[in-house]
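To keep things clear, I will list the structure first and then write my remarks on it.
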Amino acid sequence: MATQVHPDHEFDVQDLMINMGPQHPSTHGVFRMVLVVDGEIVRDVVPYIGYMHRGGEKLAETMDYRQGIGWMDRTEYLAQFNAELSYVMAVEALAELQVPDRAQWIRMILCELNRILSHFMFTGAFGTDVGVFGTAFTYSFREREVIQDLFEEITGDRMMYAYFRPGGLAWEVPDNFVPRVREVLKSVRQGIKDMNGLLTDNEVFRARTVGVGAISAADATDWGCTGPVLRSTGVPLDLRRTEPYLKYDEIDFDVITGTTGDVFERFTCRIGEMWESIRIVEQCLERLEPGPIMPDRMPRMLRTPPGEIYMRTEAPRGEYGIYLVSKGGNRPHRLKIRSSCFANLQALRDMTIGSYVADAVVILGSLDIVLGEVDR
Amino acid sequence: MNNELFGKDINVWIDAFIRVNIITIMMTVVVMGLIYLERKAIARFQMRLGPTRTGPMGLLQSVADALKLVAKEDVRPRNADPWIFELAPYFVFVPVFLMFVAIPFAVSWEVRVLDLGLFYVLAVSSVNIVGWVMAGWGSDNRYAMLGALRAAAQSISYELPLVLSMIAIAMVANSLNLSEIVAGQGRIPNIILQPLPFVIFYIAMLAELNRTPFDIPVGESEMVGGPYVEYSGIRWSFFFLAEYASLFILALLASAVFLGGWAWPLGEDWGRWWQFILTGVKAGAMIFSVFWVRSTLPRLRIDQLMTFSWKVLLPLSFIQIMVNGAILVYEPEKEVGQTLLGVTSVFGVFFLAWIINRSVTRPRPRPVVAARGEAVP
Amino acid sequence: MKGLLKSMGVTLSAFTRKPVTREYPETHKQLPERDRAFPILLWDHGMNEPFCTGCHACERACPVECMTVLMKDNPNHKSQGGESSRRKIIDKFWIDYGRCMRCNICVEVCNFDAIAMNNTWQGHEKSVYDRSDLVQELPQLLAVHRSGELKPWVVP
Numbered sequence: 000m001a002t003q004v005h006p007d008h009e010f011d012v013q014d015l016m017i018n019m020g021p022q023h024p025s026t027h028g029v030f031r032m033v034l035v036v037d038g039e040i041v042r043d044v045v046p047y048i049g050y051m052h053r054g055g056e057k058l059a060e061t062m063d064y065r066q067g068i069g070w071m072d073r074t075e076y077l078a079q080f081n082a083e084l085s086y087v088m089a090v091e092a093l094a095e096l097q098v099p100d101r102a103q104w105i106r107m108i109l110c111e112l113n114r115i116l117s118h119f120m121f122t123g124a125f126g127t128d129v130g131v132f133g134t135a136f137t138y139s140f141r142e143r144e145v146i147q148d149l150f151e152e153i154t155g156d157r158m159m160y161a162y163f164r165p166g167g168l169a170w171e172v173p174d175n176f177v178p179r180v181r182e183v184l185k186s187v188r189q190g191i192k193d194m195n196g197l198l199t200d201n202e203v204f205r206a207r208t209v210g211v212g213a214i215s216a217a218d219a220t221d222w223g224c225t226g227p228v229l230r231s232t233g234v235p236l237d238l239r240r241t242e243p244y245l246k247y248d249e250i251d252f253d254v255i256t257g258t259t260g261d262v263f264e265r266f267t268c269r270i271g272e273m274w275e276s277i278r279i280v281e282q283c284l285e286r287l288e289p290g291p292i293m294p295d296r297m298p299r300m301l302r303t304p305p306g307e308i309y310m311r312t313e314a315p316r317g318e319y320g321i322y323l324v325s326k327g328g329n330r331p332h333r334l335k336i337r338s339s340c341f342a343n344l345q346a347l348r349d350m351t352i353g354s355y356v357a358d359a360v361v362i363l364g365s366l367d368i369v370l371g372e373v374d375r
Numbered sequence: 000m001n002n003e004l005f006g007k008d009i010n011v012w013i014d015a016f017i018r019v020n021i022i023t024i025m026m027t028v029v030v031m032g033l034i035y036l037e038r039k040a041i042a043r044f045q046m047r048l049g050p051t052r053t054g055p056m057g058l059l060q061s062v063a064d065a066l067k068l069v070a071k072e073d074v075r076p077r078n079a080d081p082w083i084f085e086l087a088p089y090f091v092f093v094p095v096f097l098m099f100v101a102i103p104f105a106v107s108w109e110v111r112v113l114d115l116g117l118f119y120v121l122a123v124s125s126v127n128i129v130g131w132v133m134a135g136w137g138s139d140n141r142y143a144m145l146g147a148l149r150a151a152a153q154s155i156s157y158e159l160p161l162v163l164s165m166i167a168i169a170m171v172a173n174s175l176n177l178s179e180i181v182a183g184q185g186r187i188p189n190i191i192l193q194p195l196p197f198v199i200f201y202i203a204m205l206a207e208l209n210r211t212p213f214d215i216p217v218g219e220s221e222m223v224g225g226p227y228v229e230y231s232g233i234r235w236s237f238f239f240l241a242e243y244a245s246l247f248i249l250a251l252l253a254s255a256v257f258l259g260g261w262a263w264p265l266g267e268d269w270g271r272w273w274q275f276i277l278t279g280v281k282a283g284a285m286i287f288s289v290f291w292v293r294s295t296l297p298r299l300r301i302d303q304l305m306t307f308s309w310k311v312l313l314p315l316s317f318i319q320i321m322v323n324g325a326i327l328v329y330e331p332e333k334e335v336g337q338t339l340l341g342v343t344s345v346f347g348v349f350f351l352a353w354i355i356n357r358s359v360t361r362p363r364p365r366p367v368v369a370a371r372g373e374a375v376p
Numbered sequence: 000m001k002g003l004l005k006s007m008g009v010t011l012s013a014f015t016r017k018p019v020t021r022e023y024p025e026t027h028k029q030l031p032e033r034d035r036a037f038p039i040l041l042w043d044h045g046m047n048e049p050f051c052t053g054c055h056a057c058e059r060a061c062p063v064e065c066m067t068v069l070m071k072d073n074p075n076h077k078s079q080g081g082e083s084s085r086r087k088i089i090d091k092f093w094i095d096y097g098r099c100m101r102c103n104i105c106v107e108v109c110n111f112d113a114i115a116m117n118n119t120w121q122g123h124e125k126s127v128y129d130r131s132d133l134v135q136e137l138p139q140l141l142a143v144h145r146s147g148e149l150k151p152w153v154v155p
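Protein chains in written order, with numbering that gives the first Met the number 0: chain A, 0 to 375; chain B, 0 to 376; chain C, 0 to 155.
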């Protein structure tokens, strides 16, 4: 990336290149971008990824299906249940396992709660990007903590749950599961209200976000954006609705879409999705009935017939897909993760060019990238 | 050449030396207290506890921080310009302390009574921008450079509304001497007569202090600390000291000029200690509101910041000055004049609120989006 | 302007609420019984020996290969004049807590219920200055259950 001399300036001037990251407070991990700026205007963005590459896909190929679940947690470390779900559903589809109803309902509850958790993480980090001095962050972490406590009571771990298994769940949820989830939802509602009051109507927040980093629906589709980034442009693509998995076809919920596809719409889409997730969880809790959580006859070591499958689910950041090739045996021959963040991140350059340096940070924050998932 | 200090005649040089020492020591203590209070207040706004470890309720946290900063290694980047880099903290630090000279705390209780006190404070307060630009330039760091340029642009833009709002007050008070301005507010504080200049002063004060929503020069999430990104240890703490000292002084200035200082509502008859407490409570309320705003609001962008200053605050303060002039030139009766001043100024405040509302609700042009794959030339 | 005042109101209401901070080193959160810290070995209090027979099942199932197991003949076996019905017993057992990813698979594969995840705070507060100190020996692994601190939780 050489510096350019601009013909429209009176003097020979060179672009200033600013290196942001990999150690920068608002690159959400170890993302690096080089901004070519002219004054305060960003002329070009060169993103660099790969600082967090751990070879997760290759590692999962060396492990059997149960061991691989732990690695899925570590790729998408803010929406672990959703990542696990794609993986175990891919394995289930290959091995033709029938998942019991109760396990499916519990999976839905946990995935939706995890979506709320992940969106809380987004609102907090985004608030910090926009410049709130940590208040949004602490408010969202307060609610995230409540959800994490619930997950810890269920699965035993606060982040790396490793709770879903091909065929169902690792173990039964605690006896007080339903009242505890209702308790958590009550707290979460208050948290979303606080978030809304703090940011959504705030004039300064609106001034910073409305009209910033807009992308058209056609461009977003071409780049392969999914999730709230795509839905905010007005495309109602939600895998829960378009190709329902688990029990989403029996549940009543709305797909939140925006119109302009700017940063503000991405934010409000996520807030709306949190309310929808609460609705989904409440419906799931009513439908939850006692029953088995694993198929009757599970082999001690799961083996799949040869074949290949692409299984995708709607993770908080978009389509999280697992492409799995099996040649028989107890481990995948090839595993490929279709990362939603990676696809969304591609659109960063289009969105950022022509905006201000401060907007570059906001736009990056609005994409809600998880570097563990981008680099895998 | 003798001067009176604490009721004694002292040589003028010794007198000056003692006064400077009192200022420096007092300001350092006040700043440490302010840092502690800010951390506690913002923690409560965020439902945290704040410092709790050092001393009872974390009271010694600032002392511990100061000790740590003094003990830290003073790092200078190899490419930095040594003179500019090393001198910059003093250029930020000294003007702030100079401002302190003219601030009245109680009846005839200030470092020096200056007839042009208001003018002096405003003049000196704008000097420290030199230090910021020096820090940004000397650091040889692009973040620091951008931050310093932002600081310069912002400081110059917001200096004007600040000064103009003060001129409006000086017209009403008919003086530039801070003690006289305070004494003139015995019955009605200036905030009631002139709410619009107060609002303008408050906004410009936030900008001068680089506080949210105007903290773009330091902007942690984009400029990583701005001009002082390369500083460490004691030099960095000088910037911090200056920031909090100017917060304290501007709050005192606001309490003196707008809120009636020591005069309102007790008048001059009460004892000196009551006057101190009154000034302190008013300044404390100002400082608390700054903390509150800091913990709530996001940061503005550089263009919005400049637009707000040049297109909204500056014209409004000019209008206020002209209205004041039009009212005062006819020398109406006191009550009539005061009512007119207050009513016009309240109208101005509503106009400002309406402009802020409108700026958000009106449709804005879409930003420049580049053709795919090509940089905007 | 309304939005600004609204958000100021939100922060002011938070100012009056109780802080949610847990002052960690002084007050420990109540851990749920299925909390997963690090794997430890269980102690057969009736027979006064470990449950583990050193069958290598966990070692083979571990995704990150953090375990090393050595087996020996049980000196306390009935054939040796003792009381135990275990023919083989664990001789040496190392778990490298630095590598362990706490996935619970070793607990699931164990045929003798001899390994469990530590659900006490001891299991979480494992900071050391040297990575090699994270490799736990057999006595350290047995200590928590032997002293009776482990809260009982059996995977259903």
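Don't be surprised by glycine CBs; every beta carbon is placed ideally from N, CA and C.
Separation of A:S338 and A:T225 (C-alpha to C-alpha, rounded to the nearest whole angstrom) is 10 Å.
Here the region 46–54 of chain B does not lie against the region 193–208 of chain B, with fewer than 3 beta-carbon pairs under 8 Å apart. According to the DSSP assignment, A:E60 belongs to the alpha helix (DSSP H) that extends over G55 to E60. Contact note: C:R33 reaches chain A through E151, E152, I153, T154, G155, W170 and P173, using a C-beta cutoff of 9 Å and chain order. By the criterion of a C-beta distance shorter than 8 Å, A:P289 is surrounded in its chain by R101, once the five residues flanking it on both sides are discounted. Interface annotation, C:C65: not in contact with chain A, CB-CB separation never under 8 Å.
If you check each beta-carbon in the region 121–135 of chain A against every beta-carbon of chain B, the ones closer than 9 Å belong to G126, T127, D128, V129, G130, V131, F132, G133, T134 and A135. Under the three-pair Cβ rule at 8 Å, the region 286–306 of chain A counts as touching the region 325–332 of chain A. Close partners of B:L312 in chain A (Cβ separation under 8 Å) are lacking, with about 15 Å as the shortest Cβ gap. If the five residues before and after B:W309 are omitted, its C-beta is found closer than 7 Å to the C-beta atoms of S156, all from its own chain and listed in chain order. At a cut-off of 8 Å between beta-carbon atoms, A:P24 makes contact with chain B. For B:I355, the neighbours in chain C by C-beta distance under 9 Å run, in chain order, M0 and L3.
A:R141 is classed as buried because its beta carbon has at least 16 other beta carbons within 10 Å across all chains shown.
Rounded to the nearest whole angstrom, the C-alpha separation of B:M26 and A:P178 is 55 Å. The beta carbon of B:V342 lies closer than 7 Å to none in the same chain, with the five residues before and after it left out. Residues of chain B with a Cβ closer than 7 Å to the Cβ of C:T20 are, in chain order, R47 and L48. Here A:K57 is exposed. Its C-beta has fewer than 16 other C-beta atoms within 10 Å. DSSP places A:P46 in the strand class (E or B) of the three-state scheme.
Per DSSP, the unbroken alpha helix (DSSP H) holding B:D302 starts and ends at I301 to T306. Residues of chain C whose Cβ lies closer than 7 Å to the Cβ of A:A89 do not exist, since the nearest Cβ in that chain is about 18 Å away. Chain B places a beta carbon closer than 8 Å to that of C:T10, counting this residue as a contact.
Each of C:I94, C:Q121, C:R21 and C:F37 was checked against the Cα of A:G155, and the nearest Cα belongs to C:F37. In the DSSP assignment, B:A352 forms no beta bridge with any residue. Exclusion of the five residues before and after A:P165 leaves Y64, R65, V87, V90, E91, A94, L96 and L301 as the residues of its chain whose Cβ lies within less than 8 Å of its Cβ.
Among the residues facing chain C, A:D193 is included, as its CB has a counterpart in that chain under 8 Å away.
Under the three-state reduction of DSSP, C:Q135 is assigned to strand. Pairing A:Q189 with A:E313, the inter-Cα distance amounts to about 25 Å. Distances from the alpha-carbon of B:L195 to those of B:F317, B:A122 and B:V69 put B:F317 closest. Straight-line spacing of the CA atoms in B:S178 and B:A169 works out to 12 Å.
For C:H76, the beta-bridge partners assigned by DSSP are C:S83. By the Cβ neighbour-count rule, B:A70 is exposed, with fewer than 16 other Cβ atoms within 10 Å of its own. Restricting attention to B:A250, B:F90 and B:F307, the CA atom closest to the CA of B:R234 is found in B:F90. For C:R35, the closest of A:A357, A:E151 and A:V41 by C-alpha to C-alpha distance is A:E151.
Only those residues of the region 32–43 of chain B whose C-beta falls short of 9 Å from the nearest C-beta of chain C are listed: A40, A42 and R43. C:W93 carries a strand assignment under DSSP once its states are collapsed to helix, strand and coil.
The residue from A:D367, A:G69 and A:A59 with its alpha-carbon nearest to that of A:R269 is A:D367.
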